[in-house]
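If you want the working numbering, it's the 1-based position in the sequence shown plus 7.
Notes to accompany the following structure.
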Amino acid sequence: MVQPYPKSDPAKIDPTADADVAALKQLVDAARNLRGEMNLSPAVKVPLAASGPADKVEAFAPHLAALARLSEVKHVAELSGAAQGSAAPVAVVGEYHLMLVIEVDVAAERERLGKEIARLEGEIRKAEGKLGNESFVARAPAAVVAQERERLAGFAGTLAKVREQLARLPAA
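Below, the structure is given as structure tokens:
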């Protein structure tokens with residue numbers, strides 16, 4: 008008994024459901040990125056405040072909480088007032104604004120970001136040193152040189168993000 012491979016029926020595809028799943032995936036990615044920016048362990052469950060269409064936020068809340076390892080997802084009318092007094096970063100995904108509801112020790116966060124900037128600047132100097140060495144560029148395989156250039160670009164991008172994060176912190 009061999010059955011034919013199932014074929015999709017375009018009439019049964021719901022574009023609204025597709026759009027909702029795509030939006031949920033973007034929100035999960037944004038929430039995970041916020042956790043990463045704040046250097047929070049995935050084991051630590053924290054609450055998230057979200058503004059946007061209330062019906063969608065309420066519908067996405069249980070899935071977002073499970074997939075992004077959050078303790079809860081609260082819908083708020085607007086994050087701008089809450090975000091001004093907080094050092095927690097805000098992610099914008101389309102019409103949604105997300106913010107982790109956590110207490111941030113600004114001095115400790117500045118110190119952590121300063122160390123990360125110093126580490127990234129060291130990595131950039133190392134990569135620039137290798138790429139500036141004519142002998143390395145001439146003798147190394149093209150793939151190794153390309154990989155080193157990619158590393159340099161990655162470190163530069165990460166450094167820009169960390170500096171932006173440091174600039175967003177309120178003055179101590």
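For every residue, glycine included, the Cβ atom is placed at its ideal position computed from N, Cα and C.
Open item on the list: What residue range does the alpha helix (DSSP H) around L120 cover?
Closed with: 113-139
Task: Touching by the beta-carbon criterion (3+ pairs, under 8 Å), the stretch 46-54 and the stretch 72-86 - done: Three or more beta-carbon pairs drawn from the stretch 46-54 and the stretch 72-86 are found closer than 8 Å, and the two stretches are therefore classed as touching.
TODO: Go ahead and pull the three-state DSSP assignment for G88.
DONE: At G88 the pLDDT is 47, less than 50, meaning the model places this residue with poor confidence; the figure from the coordinates comes in the next sentence. Note: G88 maps to helix in three-state DSSP.
Task: Rounded straight-line distance, which links the Cα of I109 to that of E128 - done: Distance from the CA of E128 to the CA of I109, rounded to the nearest whole angstrom, comes to 29 Å.
Open item on the list: Below 8 Å, how does it come out for the stretch 114-123 and the stretch 165-177: are there three or more Cβ pairs, yes or no?
Closed with: The stretch 114-123 makes contact with the stretch 165-177; the number of CB pairs closer than 8 Å reaches 3 or more.
Open item on the list: So, at 7 Å on beta carbons, what are the nonlocal neighbours of V152 in its own chain, with the 5 sequence-adjacent residues on each side left out?
Closed with: V144
Task: Cβ separation of E155 and L173, assumed to be a contact under 8 Å, to the nearest whole Å - done: E155 to L173, Cβ: 27 Å. No contact.
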